[in-house]
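Undergrad: Quick one: the structure is below, questions incoming.
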Amino acid sequence: MAQLLIQALDKLEAGDWEGAHRIALEFDGPSSAWLHAHLHRVKGDEEMAREWYAKAGRDPFEGDVTEERYALRQELTSGVEGMLGQKPETDPT
Numbered sequence: 017m018a019q020l021l022i023q024a025l026d027k028l029e030a031g032d033w034e035g036a037h038r039i040a041l042e043f044d045g046p047s048s049a050w051l052h053a054h055l056h057r058v059k060g061d062e063e064m065a066r067e068w069y070a071k072a073g074r075d076p077f078e079g080d081v082t083e084e085r086y087a088l089r090q091e092l093t094s095g096v097e098g099m100l101g102q103k104p105e106t107d108p109t
């Protein structure tokens, strides 16, 4: 999921807000809700952004949208790296 949310950020940075929004709509969870909040903030819809921040369990971001996008990307990237670093469980039988 994190990799697709990173792709959504890439789409947003390329000017494809709708494409990024479509990806955000596909997932549930705190990271996708934060992405969704960010997207609505970028669009200027602060009321909808606040709703999505609440769903993400976060206060609205204090910095500008560029700073928020960087923080969101960092969180998603660390999640991907964490998943890649996990070893699969072995079957004890």
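Just so we're on the same page, the numbering used here is the position in the sequence shown counted from 1, plus 16.
All C-beta atoms, glycine included, are put in the ideal place defined by N, C-alpha and C.
How many Å lie between glycine 45 and arginine 74 at the Cα?
TA: 12 Å
Undergrad: On the DSSP letters alone, give me the boundaries of the alpha helix (DSSP H) that proline 76 sits inside.
TA: Segment: none, proline 76 is in no alpha helix (DSSP H) and carries neither H nor E.
Undergrad: Can you tell me whether arginine 57 is buried or exposed, with buried defined as 16 or more other CB within 10 angstroms of its CB?
TA: Arginine 57 should be labelled buried.
Undergrad: Between which two residues does the alpha helix (DSSP H) carrying methionine 64 extend?
TA: Run containing methionine 64: 62-72, per the alpha helix (DSSP H) assignment.
Undergrad: The alpha helix (DSSP H) spanning aspartate 26 covers which residue range?
TA: 18-29
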